[in-house]
Every structure is written in structure tokens, then in C-alpha cells.
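Going by the numbering used here, 74 is the number at position 65 of the sequence shown; the sequence numbering is gapless. These notes are about the structure you will find just below.
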Amino acid sequence: YFLYKAKDDDGQQESRQYQEACRHVSHSKNVQLRDLFPNGIGIHHAGMLRQDRNLVEKYFSKGFIKVLVCTATLAWGVNLP
């Protein structure tokens, strides 16, 4: 919800980076990730495809995911570069 209120440098209602992120996530095979992402929520666990975990890591780092539900290994830094 709060992501839609953000404005980019040109004053656009939705930033171009966020629009690009939405396009990438929409191609995810993980239904839960696709459903949760527009609300700023992400999930991360070993049962996910590596490409989906990479998306979550990337967009959490960029601030597009505000709430991340994950296993303890992510919190310890095991799954992040």
C-alpha cells in the first residue's frame, strides 16, 4: 500500500524502479510472493526457487519489501551475499 504513494524524481506516482520490480515478481513461480509483494511483504525460505529468493533479497535490500518473513538462516546472513 505505502509503496504506491512514493514518488520518483520526476514526480511520477509510482517509481519506475518499483514498476520494474512488480514486473519481475509477476513472473515468479511462487504464488505467495506474487500475492504479497504489492503489499510490501516478502517471504524467504529454502523451499523457494533460487531465482525467487534472489528477487526477495534484491527487493528487500532496495526497500520495496518492508516486512520479510524468513527462516533464521537469512537473519544470520547465511543466504545473503
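For each residue, glycine too, the CB sits at the ideal point set by N, CA and C.
Around the C-beta of LEU64, 16 or more other C-beta atoms lie within 10 Å, and the residue is accordingly described as buried. In the DSSP assignment, HIS53 falls within the unbroken beta strand (DSSP E) covering 50-53. For VAL78, the pairing in a beta bridge is given by DSSP as ILE52. Spanning the alpha carbons of HIS53 and TRP85 requires a straight line of approximately 13 Å. Closest in alpha carbon position to THR82, among GLU66, ILE74 and GLU29, is GLU66. Under the DSSP assignment, HIS33 falls in the alpha helix (DSSP H) whose first and last residues are 25-35. Look at LEU58 here: in three-state DSSP terms it is coil, with no helix or strand label.
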